[in-house]
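Residue numbers (full-length UniProt numbering): 1 to 89.
Where is the CB? At the ideal position from N, CA and C, for every residue including glycine.
Have a look at the structure below, then the notes.
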């Protein structure tokens, strides 16, 4: 089912449809581009498509109940990992 959804989603978005995923939320295509001084100077290559997701009421409510905490950034040496490369069997 999910593979079928992934195959179909781009076609619906490209055709201008919003795709509602039950109470989970809605996906829609938005476009942005660089401005130009004249219509003739506009280049379609600057158009950037983006998929915008708007969560549904139940998902918003579930996320509202989350708690968050501040985490300190690790030292650069720790970020890069350390230790040894695992051996492969």
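Would you call the region 49 to 57 in contact with the region 11 to 28, where contact means no fewer than 3 C-beta pairs closer than 8 Å?
yes
By DSSP, does residue 70 sit in helix, in strand, or in coil?
coil
Got a sec, what are the start and stop residues for the alpha helix (DSSP H) residue 53 sits in?
Element bounds for residue 53: not the alpha helix (DSSP H) but the beta strand (DSSP E), 48 to 55.
Between 40, 46 and 64, which has its C-alpha nearest residue 34's C-alpha?
46
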